[in-house]
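Visitor: Below is the structure I would like to discuss, written out as structure tokens.
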Amino acid sequence: MLSVRSWQLFVFLVAAMSCSHAVAQSYPTKPVTLVIGFPAGGAFDTVMRSIAEEMGKTLGQRVNVDNRAGAGGAIATQVVVGAKADGYTLLAAGLQLATGPHLNKISYNPATDLTMVGQLGYTPVWLLAKGDSPIQNVADIVALAKKNGNGVTIGSGGVGTTGHFGSVILGNSLKINPVHVPFKGGAMGLQALAGGEMDLMFDQMSGVMLGLMQAKKVRVIAVMQNQRVASIPNVKSAAEFGLTLESPLRGWQGIAVRSGTPAPVLQKLTAAWGTAVRSPSVISRAEQLGIELDTGRSPEAFQKHYLAELERWGAFIKKNHITSE
């Protein structure tokens, strides 16, 4: 038989669970915030804003975007893991979640403190040159490196980004020592490339990149994976371009929440995400940005993928002695 104290504790726990369930069932009762760890204007930001708008229609509340750029996405991640696990603070999930913990000092456990909700797909990483650059293949890059004493300058959207890793992979493949030039976001780097401030750049597709390509100020010369991308079929794969990849390089997109978010809330978010990524507006935007859609993963499968990426890129960063400085 339960003691009076035990009975009171039991009643309290049941009441708390009932209250929590009721709150979860009524979710959301106020606007939701989607935190993005990069500046506005890049591929990541562009497609996430489109998804946020569509999710808001299903949830019946606005999904506001909050750009918290810096530290390779670590600042945004810290905002989310530091918020309540109630589903009102979402994180734009991407490769930065698998790389940042190996580069930055963090106060959370990346393997247990984040729960993936839904995936959009994969984003190819493109190798770009200035519009009037004479570079056509790897031989031209090697020749430029020799001419400049290995001083090929390669821009990226920041330390620890796919662009940064692209410069490492290219250097390893061609046995040269490129000079990595990080910018605070891909848009700034692309403008610098168009202005001739560096020789090459790695980045994911964005509205800024498309505009510069259409104006012939920048030119895509390869994609950093071993197969071409259907949406831009005339661009050579890394293998065709002459690069040997120690690891295929492509980003991925989705959303995550702080672990501990109630299951009913997760279910509502997953449903809203599924509806959003199947909407014509999001599909059109994703295809325009060269994103290879893969929206059929369950949250559990996406979580497994994230943890595998966390391990894979951790090994890459350690092997290549990459630091955040």
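At position 164 of the sequence shown the residue is numbered 163 (numbering that gives the first Met the number 0), and the sequence of numbers has no breaks.
Note that beta-carbon positions come from the ideal geometry of N, C-alpha and C, so glycine has one too.
Comparing C-alpha positions only, which one of 54, 250, 182 and 67 sits nearest to residue 268?
Guide: Your numbering for residue 268 matches position 269 in the sequence shown. When each option's Cα is compared against that of residue 268, the closest is 54.
Visitor: So, with DSSP's three-state summary, where would you put residue 305?
Guide: Stepping through the sequence shown from its first residue, residue 305 is reached at position 306. When secondary structure is reduced to three states using DSSP, residue 305 falls in the helix class.
Visitor: Leaving out five residues on either side along the sequence, give the residues of the same chain with a beta carbon under 6 Å from the beta carbon of residue 313.
Guide: Numbered from its first residue, the sequence shown carries residue 313 at position 314. Close CB contacts of residue 313 within its chain, under the 6 Å cut and outside five residues either way in sequence, are with 101 (chain order).
Visitor: Between the alpha carbons of residue 87 and residue 32, how many angstroms are there, rounded?
Guide: Here residue 87 corresponds to residue number 88 of the sequence shown, with the count starting at 1. Here residue 32 corresponds to residue number 33 of the sequence shown, with the count starting at 1. Looking at the two C-alpha atoms, the distance is approximately 6 Å.
Visitor: Could you tell me the distance, in whole angstroms, from the CA atom of residue 161 to the CA atom of residue 248?
Guide: The residue you call residue 161 lines up with position 162 of the sequence shown. The residue you call residue 248 lines up with position 249 of the sequence shown. Rounded to whole angstroms, residue 161 to residue 248 spans 7 Å at the Cα level.
Visitor: Under a Cβ-count criterion, where at least 16 other Cβ atoms within 10 Å of its own Cβ denotes burial, should residue 155 be classed as buried or exposed?
Guide: For the purposes of this step, residue 155 is taken as residue 156 along the sequence shown, with counting starting at 1. Under this definition residue 155 is a buried residue.
Visitor: Can you check DSSP and say which residues form a bridge with residue 126?
Guide: Locating residue 126 in the sequence shown gives position 127, where the first residue counts as 1. Among the bridge pairs identified by DSSP, residue 126 is matched with 201 and 221.
Visitor: For residue 266, which of helix, strand or coil comes out of DSSP?
Guide: One-based indexing of the sequence shown puts residue 266 at position 267. It is helical.
Visitor: How long is the line joining the alpha carbons of residue 165 and residue 174, rounded to whole angstroms?
Guide: In the sequence shown, counting from the first residue as 1, residue 165 sits at position 166. In the sequence shown, counting from the first residue as 1, residue 174 sits at position 175. Cα to Cα, the separation comes out at about 14 Å.
Visitor: Which class does residue 139 belong to by DSSP, given the choice of helix, strand or coil?
Guide: As a first step, residue 139 is located in the sequence shown; it is residue number 140 there, counting from the start. In this structure, residue 139 counts as helix in the three-state DSSP scheme.
Visitor: On a Cα-Cα basis, can you pick out the residue from 236, 230 and 211 that is closest to residue 221?
Guide: Against the sequence shown, residue 221 aligns to sequence position 222. Cα-wise, what sits closest to residue 221 is 236.
Visitor: Go ahead and label residue 218 buried or exposed: buried means 16 or more other beta carbons lie within 10 angstroms of its beta carbon, across all protein chains shown.
Guide: Within the sequence shown, the letter at position 219 stands for residue 218. Buried, by the Cβ-count rule.
Visitor: Which one of 171, 63 and 307 has the shortest CA to CA distance from residue 242?
Guide: Taking the first residue of the sequence shown as 1, we reach residue 242 at position 243. Looking only at 171, 63 and 307, the smallest Cα-Cα distance to residue 242 is reached by 171.
Visitor: Per DSSP, which one or two residues make a beta bridge with residue 254?
Guide: Locating residue 254 in the sequence shown gives position 255, where the first residue counts as 1. For residue 254, which the question treats as bridged, DSSP gives the partners 91 and 117.
Visitor: Looking only at C-alpha atoms, which of 234, 176 and 41 sits nearest to residue 157?
Guide: Start at 1 with the first residue of the sequence shown, and residue 157 comes out as number 158. For the residues 234, 176 and 41, the minimum Cα distance to residue 157 belongs to 41.
Visitor: Rank 264, 289, 195 and 185 by C-alpha distance to the C-alpha of residue 228 and give the top, closest one.
Guide: As a working mapping, residue 228 is identified with position 229 in the sequence shown. For residue 228, the nearest C-alpha among the options comes from 289.
Visitor: Candidates 319, 270, 197 and 98: which alpha carbon is nearest residue 131's?
Guide: For the purposes of this step, residue 131 is taken as residue 132 along the sequence shown, with counting starting at 1. Selected option, being the one with the closest Cα: 197.
Visitor: Taking the alpha-carbon positions, what's the residue 56 to residue 322 distance?
Guide: For the purposes of this step, residue 56 is identified with residue 57 of the sequence shown, where counting begins at 1. For the purposes of this step, residue 322 is identified with residue 323 of the sequence shown, where counting begins at 1. Near 41 Å, if we compare the C-alpha coordinates of residue 322 and residue 56.
Visitor: Using CA coordinates, which residue listed in 298, 319 and 260 is at the minimum distance from residue 112?
Guide: For the purposes of this step, residue 112 is identified with residue 113 of the sequence shown, where counting begins at 1. The shortest C-alpha separation from residue 112 is found at 260.
Visitor: When you compare only the Cα positions, how much space is there between residue 305 and residue 97?
Guide: For the purposes of this step, residue 305 is taken as the residue at position 306 of the sequence shown. For the purposes of this step, residue 97 is taken as the residue at position 98 of the sequence shown. Distance between the alpha carbons of residue 305 and residue 97: 7 Å.
Visitor: When you compare each of 38, 202 and 85 to residue 25 by their alpha carbons, which one comes out closest?
Guide: For the purposes of this step, residue 25 is taken as the residue at position 26 of the sequence shown. Residue 85 is the option with its Cα nearest to residue 25.
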